[in-house]
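What follows is a single structure, written as structure tokens, with notes after it.
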Amino acid sequence: MAKATDKTTDVTTYTLKQALAARVDDHVEIAVEAEDGTRFKIRATSDQLDALTGDLETILEADDADA
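Going by this note's numbering, the sequence shown opens with residue 326, and the numbers climb by one from there.
In structure tokens, the structure reads:
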């Protein structure tokens with residue numbers, strides 16, 4: 326059996342201050358600023374963003390149903 330590893334141990338969590346998105350050539354870039362001032366960009370394809378959007382919609386719809 327393959328060894329299972331916890332991939333969350335090497336992840337840094339930031340609290341979002343703001344984010345802006347722009348299409349650049351064949352991908353989308355999301356510029357992120359965290360509350361502590363950390364800034365970074367995320368590059369994603371349309372397919373990746375479609376999957377993320379679907380996940381976010383599911384989460385928000387569940388929150389609305391619970392309210």
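Cβ coordinates follow ideal geometry from the N, Cα and C atoms, glycine included.
- If only uninterrupted beta strand (DSSP E) runs of at least 3 residues are considered, those enclosed by the segment 336 to 365 are 341 to 349 and 352 to 359.
- Taking Arg-368 as reference, the option from Asp-375, Leu-385, Val-353 and Asp-361 with the minimal CA-CA separation is Val-353.
- Cβ neighbours of Ala-359 within its own chain (closer than 7 Å, five residues either side excluded): Tyr-339, Thr-340, Leu-341 and Lys-342.
- Residue pairing by DSSP places Ala-369 opposite Val-353 in a beta bridge.
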